[in-house]
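Enquirer:
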């Protein structure tokens, strides 16, 4: 129930992010990447692979993710994009074609930022994929 | 057939990973975490949530992951651990209880290091979980 509320705004964002570059630059001087991220909230948008499903990485990287990043503003510490290559288990299909991840300081602020922009984000989906993402909200332990 | 192609691709990707590593070393001085990781290979071990499935995060963090990290040696750039909190989609179950991720320079070296230790790694699973992980090999795009 609580999580339903937590995640109400997340579903349609299927992607997001921006540059928390200022904070990041400061931290990276002392820098221990793992410790620096500890306690942050990750929102991972995972695009499952299946026969006939497509994903345009170039559009995702150059247009969609930067758009969502702008919406998130200074709450966003960083975002990452990865391209699925294979399953790590022999003879298993590729689990995900791509994953976009937003590292944010506050999930509340994330939801508040995404809410009013949900339609724009949603409308952009069709420009790069025909698959429906799985979305995981997690906490960085290490 | 398709997976044979995928495997080939992984091998090729592994060489690219080492390549990207040189670039990374140079860049990490000015630093931008996202850019610093670009080109690395990620091996994400994702533990699905389901009724009756358990996961002991303390054991995973203090014993299992450090053990695997040792096997990987200098090929391992870093590893991360995250704890699943919720699905980002309303009324959907939590996708994963936990995810452990290894960032490596070379997938070949990763496989060479894991191979002889696979039995030890698998035997340790029972000490912290009763679920079977999904494993994704991916490439850091950003």
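Protein chains in written order, with my numbering: chain B, 136 to 277; chain R, 136 to 277.
Positions of the beta carbon are idealized from the N, C-alpha and C atoms, including for glycine.
1. Against chain B, with Cβ distances strictly below 8 Å, would residue 266/R count as a contact?
2. Rounded to the nearest angstrom, how far is the Cβ of residue 237/R from that of residue 178/R, given a contact under 8 Å?
3. So which residues of chain R does residue 194/B contact, with C-beta pairs closer than 9 Å?
4. Hey, which unbroken runs of the alpha helix (DSSP H) at 4 residues or more fall wholly within the stretch 181 to 253 of chain B?
5. For residue 172/B, list the residues DSSP reports as bridge partners.
6. Leaving out five residues on either side along the sequence, give the residues of the same chain with a beta carbon under 6 Å from the beta carbon of residue 273/R.
7. Can you name the residues that DSSP bridges to residue 264/R?
8. On the three-pair Cβ rule with 8 Å, is the stretch 216 to 236 of chain B touching the stretch 191 to 201 of chain R?
9. Could you list which residues in chain R have their beta carbon closer than 9 Å to that of residue 271/B, in chain order?
10. Can you check DSSP and say which residues form a bridge with residue 177/R?
11. Three or more C-beta pairs under 8 Å: does that hold for the stretch 194 to 206 of chain B against the stretch 248 to 267 of chain B?
12. Find out if the Cβ-Cβ distance for the pair residue 268/R, residue 182/R is shorter than 8 Å.
13. Is it true that the CB of residue 216/B sits closer than 8 Å to the CB of residue 276/R?
14. Exposed or buried, residue 250/R, counting other C-beta atoms within 10 Å across all chains shown (16 or more means buried)?
15. Against chain B, does residue 277/R count as a neighbour if the rule is that its beta carbon must be under 8 Å from one of theirs?
16. Kindly indicate if chain B contains any beta-carbon less than 8 Å away from that of residue 261/R.
17. Taking 7 Å as the limit between beta carbons, can you name the residues of its chain near residue 206/R, skipping five residues before and five after?
18. Is any beta-carbon of chain R found at less than 8 Å from that of residue 178/B?
19. Tell whether a beta-carbon distance below 8 Å holds between residue 220/B and residue 256/B.
20. Report all residues from its chain with a CB closer than 8 Å to the CB of residue 172/R; omit the five preceding and five following residues, and keep chain order.
Expert: Answer, in terms of the structure:
1. Cβ-Cβ to chain B under 8 Å: no for residue 266/R.
2. Indeed they touch by this definition, with Cβ atoms about 5 Å apart.
3. Simply none; closest approach about 12 Å.
4. 200 to 207 and 242 to 249
5. According to DSSP, residue 172/B bridges with nothing at all.
6. 177
7. Residue 264/R pairs with 190/R.
8. no
9. 181, 217, 219, 220, 221, 222, 223, 229, 230, 231 and 234
10. 238/R and 273/R
11. yes
12. yes
13. Yes.
14. exposed
15. yes
16. no
17. 248, 249 and 252
18. Yes, residue 178/B counts as interfacial toward chain R.
19. The answer is no: Cβ separation not under 8 Å.
20. 159, 212, 238 and 275
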